[in-house]
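Numbering (numbering that gives the first Met the number 0), first residue to last: 0 to 384. We put the beta carbon where it would ideally sit given N, CA and C, even for glycine. Treat the numbers as computed from the prediction; the structure is a model and nothing was measured. Working notes for the structure below.
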Amino acid sequence: MSVTDKWEDRVMRAAHPLAFPALSALKKPVTRVPGLGVVVLDAGLIRSTLLDTNSFSKIGKGAPSDIWTPLLGPSVLLNMEGKDHQQLRRRLAPLFTPSYVNDLVNNSLGEVTRRLTERLVRGETVDVVAEARHYASIAISNLVGLPESATDDEFFRSVTSVTSFVTLTRPRMSSAQLRRAREVLAGISAHADRAYDAGDEKTVPGRMRALGFSRDESRGIVGAFVVAGTETLVAFIPRMVCLLSDSGWLARLAAQPELSEMVIAEALRVVTPSPVMLRCAIADSHIGGQRVKTGDRVILGTYWGNRGLEGFDPQSSKAASLKQLWFGAGPHFCIGAPLAMTQIRLVLGAIAAAEHRAPLTVTHREPSRRVLIPGYQSVRLGKLS
């Protein structure tokens, strides 16, 4: 096992000490696991299941609607299907045009990432996890209209605590957890409402008002972006940095920045920030020869499907062949992917620029334990001595 694979294995086991080895031990592409559901680990079968919206839905027992509808309401993309989903996705599309996304990210993170380059070149050792959290907090402040001073570490921890209530074996929140999650979102919603009323199109609520969304629609969508999108990005960036440092690709990327797109795609394939996707069977069907009954919970193991092509190798065509399966497929392909990719490019570019001037290495790392989204608690990056 390579160094990169060893660390990725540690990260996954720390996050899910029971579920990860259990799913990794499954030998067949599709397996019915008592107490969990039908588990799919083959990339091709995962894609075909995602595309078959007549048989498999995000609405139903054990599906995303079980998690998000009680918290965010019934209309936030994460928990929708059919014509309503298509219409909302079309209405949201202007929020993710290249020009709007680039302006949003560069205005939010351009200066802090330039400072990151200079700090690393000066010899400062930085915690990439803390940096990623800081950048996410800045992005949230711009997204919602919060003052940046309000988005400190405690704020970020409260936001990400919402996802900690969910596990593979506990796919919905208890009444107490739901109350706590609603308390967390109440503050965000209040600021989102104020930003909506102010109508400043530099904020997402203001932009949504200009696009004809109601205040309630704006509040729900912003809540979904903050809760569902923030933690995956914060988990991914430090894991990507570790992959590049361990494999020697950070130095290579610094010398050949034109390789950044293939490097990011391969890192996304290997890491797959959201290791599973959930569906509920809404019709009797089959997946790879396995019978699936109406009402069955279907667990799509995207981490295992993407990793079926072996270890980290940006020069291969592994990532290209998967057609960005880590972002989903078909009508539910992640609408926020352009925003995430723009943020990733900016942060990676800043670190690669520092590497070009002063070679870097990961000096210390600590995986996060028992979290929904696997990642590191700390990753220290500094000058190579």
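{"Check": "Near Leu359, what residues of its chain come up, given a Cβ to Cβ distance below 8 Å and the 5 sequence neighbours on each side ignored?", "Outcome": "Leu119, Ser244, Leu249, Ile350, Ala353, Leu380, Gly381, Lys382 and Leu383"}
{"Check": "Among the candidates Leu371, Tyr375, Gln376 and Val378, whose CA atom is the shortest distance from the CA of Thr168?", "Outcome": "Leu371"}
{"Check": "What does the alpha-carbon distance come out to for the pair Gly34 and Arg356?", "Outcome": "53 Å"}
{"Check": "Would you call the CB atoms of Val221 and Val203 closer than 7 Å?", "Outcome": "yes"}
{"Check": "Hey, which unbroken runs of the alpha helix (DSSP H) at 4 residues or more fall wholly within the segment 312-380?", "Outcome": "317-320 and 336-356"}
{"Check": "Considering only their Cβ atoms, is the gap separating Glu265 from Pro313 smaller than 7 Å?", "Outcome": "yes"}
{"Check": "Can you tell me whether Met276 is buried or exposed? The criterion is at least 16 other CB atoms within 10 Å of its CB, across all chains shown.", "Outcome": "buried"}
{"Check": "When the Cα of Ser246 is compared with those of Gly36, Arg132, Ala319 and Gly310, which residue comes out closest?", "Outcome": "Gly310"}
{"Check": "For Arg171, name the three-state secondary structure that DSSP assigns.", "Outcome": "coil"}
{"Check": "Quickly, what does DSSP pair Met0 with across the bridge? List them, please.", "Outcome": "BP columns for Met0 are empty, so no partner."}
{"Check": "For Val183, which beta-bridge partners are listed by DSSP?", "Outcome": "None, per the DSSP bridge assignment."}
{"Check": "Report yes if the CB atom of Val297 is closer than 7 Å to the CB atom of Gly36, and no otherwise.", "Outcome": "yes"}
{"Check": "Touch check for the segment 316-333 and the segment 44-56: three-plus C-beta pairs under 8 Å?", "Outcome": "yes"}
{"Check": "Assuming the contact rule is C-beta atoms closer than 8 Å, Phe224 and Leu345 should be a hit. Round their C-beta distance to whole Å, please.", "Outcome": "At roughly 18 Å, the Cβ-Cβ gap does not stay under 8 Å, so Phe224 and Leu345 are not in contact."}
{"Check": "Take Thr229 as the anchor and find which of Ser47, Ser136, Glu182 and Gly211 has the nearest alpha-carbon.", "Outcome": "Ser136"}
{"Check": "Can you check whether the CB of Pro237 is closer than 7 Å to the CB of Val378?", "Outcome": "yes"}
{"Check": "Just verifying my parser: in three-state terms, what is the DSSP assignment at Phe155?", "Outcome": "helix"}
{"Check": "Which whole runs of the beta strand (DSSP E) in the segment 13-58 are 3 residues long or more, in chain order?", "Outcome": "29-32 and 36-39"}
{"Check": "Tell me, please, whether the segment 156-163 touches the segment 173-184 by the rule of three or more beta-carbon pairs shorter than 8 Å.", "Outcome": "yes"}
{"Check": "Please name the residue, chosen from Ala18, Phe155, Gly300 and Thr293, that lies closest to Val269 on a Cα-to-Cα basis.", "Outcome": "Gly300"}
{"Check": "Distance check for Gly59 and Ser74, CA to CA, integer angstroms please.", "Outcome": "14 Å"}
{"Check": "What residue ranges within the segment 182-236 form continuous alpha helix (DSSP H) runs of no fewer than 4 residues, ordered along the chain?", "Outcome": "203-209 and 214-223"}
{"Check": "Looking only at its own chain, which residues have a Cβ that is under 6 Å from the Cβ of Phe235, when we skip the five neighbours before and after it?", "Outcome": "Val270 and Pro272"}
{"Check": "What are the boundary residues of the alpha helix (DSSP H) that includes Gln86?", "Outcome": "Gly81 to Leu91"}
{"Check": "Shorter than 7 Å from the beta carbon of Leu108 to some beta carbon of chain B?", "Outcome": "Looking at the structure shown, chain B is missing, and only one protein chain is on hand."}
{"Check": "Along the chain, where does the alpha helix (DSSP H) that runs through Val120 open and close?", "Outcome": "Pro97 to Val120"}
{"Check": "With distance defined between alpha-carbon atoms, name the residue in Tyr134, Pro93 and Arg218 nearest to Ser391.", "Outcome": "Past the edges of the chain, shown from 0 to 384, lies residue 391, and the structure says nothing about it."}
{"Check": "Out of Val240, Val226 and Tyr302, state which residue places its alpha-carbon closest to the alpha-carbon of Ile391.", "Outcome": "Here the chain has residues from 0 to 384 only, and residue 391 is not among them."}
{"Check": "Exposed or buried, which one is His15 when buried takes at least 16 other CB atoms within 10 Å?", "Outcome": "buried"}
{"Check": "Would you tell me roughly how many angstroms separate the C-alpha atoms of Arg89 and Tyr99, rounded to the nearest one?", "Outcome": "16 Å"}
{"Check": "Under 8 Å by Cβ, that's how I've got Ser259 and Leu347 pegged, so tell me the actual separation to the nearest angstrom.", "Outcome": "6 Å"}
{"Check": "If you measure between the beta carbons of Leu308 and Lys317, is that distance less than 7 Å?", "Outcome": "yes"}
{"Check": "Who are the Cβ neighbours of Ala138 in its own chain at under 6 Å, not counting the five residues just before and after it?", "Outcome": "Ser107"}
{"Check": "In or out: Thr293 buried (at least 16 other Cβ within 10 Å) or exposed?", "Outcome": "exposed"}
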